[in-house]
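Throughout, the numbering used here is defined as the position within the sequence shown, counted from one, plus 86.
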Amino acid sequence: MDSGNRGPTPVLSPEAATRFGEGISLVLARWTALQMAVQNGWGGRESRQKADKLASAVLSWFSNDKAPLYIDDLENILDENMVLSFNTEIEDGSVEEIAEQLMIMHEDCLQGNFESIDQLKNSASTRNAASQSRQVVNENEGESSDEQVDEDGSEMMVDEPEPKEVVLNEPKQPKQTPDEEGWFVVPTKRNRGKRWA
87 MDSGNRGPTP
97 VLSPEAATRF
107 GEGISLVLAR
117 WTALQMAVQN
127 GWGGRESRQK
137 ADKLASAVLS
147 WFSNDKAPLY
157 IDDLENILDE
167 NMVLSFNTEI
177 EDGSVEEIAE
187 QLMIMHEDCL
197 QGNFESIDQL
207 KNSASTRNAA
217 SQSRQVVNEN
227 EGESSDEQVD
237 EDGSEMMVDE
247 PEPKEVVLNE
257 PKQPKQTPDE
267 EGWFVVPTKR
277 NRGKRWA
């Protein structure tokens, strides 16, 4: 009777493991959410070390040859690390994208194909992950931004259009000044429609 065991999970050769570790670091270095968390110190003074620990944890997870590798488990590792280490919830789909990219790269490395790692290495000098923007929600600061992804799934740098000033015929609101505690008084709904003199 088949117990469902398909044999041991393939293991990376020493060279492939080294290259794959390099590939993990390159992928994480291009993950905007993680780089923003590091650059803004959302993980405290040790934000860079926490990002490096994430890369090590991911490599360790892939090196575990006793259990099959499921992308959902990798997504959980990435997501939990961002919450626990950087107090940041990622809601833009980038966790799934990074996990998929790492799974594909692992499969390539198992076959001795390091082309995707070489491409990342060659393009790393021309790309700055923090200058891209992707919606990132930090529980403490509520910062957010946008990024566009083209049809083949690759990320594009997009110049944001300059905001245009639009003048609407709205009733003038009195200039609000904070009270002694720094709070602003908001008019009630029934006063909002009236014109202020």
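All residues carry an ideal CB built from backbone N, CA and C; glycine is no exception.
According to the Cβ coordinates, are E183 and I157 closer than 9 Å?
-> The residue labelled residue 183 in the question sits at position 97 within the sequence shown. The residue labelled residue 157 in the question sits at position 71 within the sequence shown. E183 places its beta carbon 9 Å or farther from that of I157.
State the Cα-Cα distance for the pair K136 and N150, rounded to the nearest angstrom.
-> The sequence position of residue 136 within the sequence shown is 50, counting from 1. The sequence position of residue 150 within the sequence shown is 64, counting from 1. Each residue's CA atom was taken as its position, placing K136 and N150 some 21 Å apart.
What did DSSP end up calling E193 once you bin it into helix, strand or coil?
-> As a first step, residue 193 is located in the sequence shown; it is residue number 107 there, counting from the start. E193: helix per DSSP, three-state reduction.
Given that a residue counts as buried once 16 or more other Cβ atoms are within 10 Å of its Cβ, and exposed if not, what is E256?
-> Walking along the sequence shown from the start, residue 256 turns up at place 170. Here the model assigns E256 a pLDDT of 43, short of 50, so the residue's position is not dependable, and the following value carries that caveat. If you draw a 10 Å sphere on the C-beta of E256, you find fewer than 16 other C-beta atoms in it, and that means exposed.
From the DSSP output, in three-state form, read off E175 for me.
-> Stepping through the sequence shown from its first residue, residue 175 is reached at position 89. E175 falls in the strand class under three-state DSSP.
L145 vs A115 beta-carbon contact at 9 Å = By one-based count along the sequence shown, residue 145 stands at place 59. By one-based count along the sequence shown, residue 115 stands at place 29. Not in contact: L145 and A115 (Cβ atoms no closer than 9 Å).
Examine the Cβ distances between the region 172–181 and the region 105–123 and report whether three or more of them are shorter than 8 Å.
-> They touch, by the three-pair rule.
Let me know if I203 comes out buried or exposed under the rule of 16 or more other beta-carbons within 10 Å of its beta-carbon.
-> Here residue 203 refers to the residue found at position 117 of the sequence shown. That one is buried.
Looking at the structure shown, is N162 part of a helix, part of a strand, or coil, going by DSSP?
-> Residue mapping note: residue 162 aligns to position 76 of the sequence shown, counting from 1. N162 falls in the helix class under three-state DSSP.
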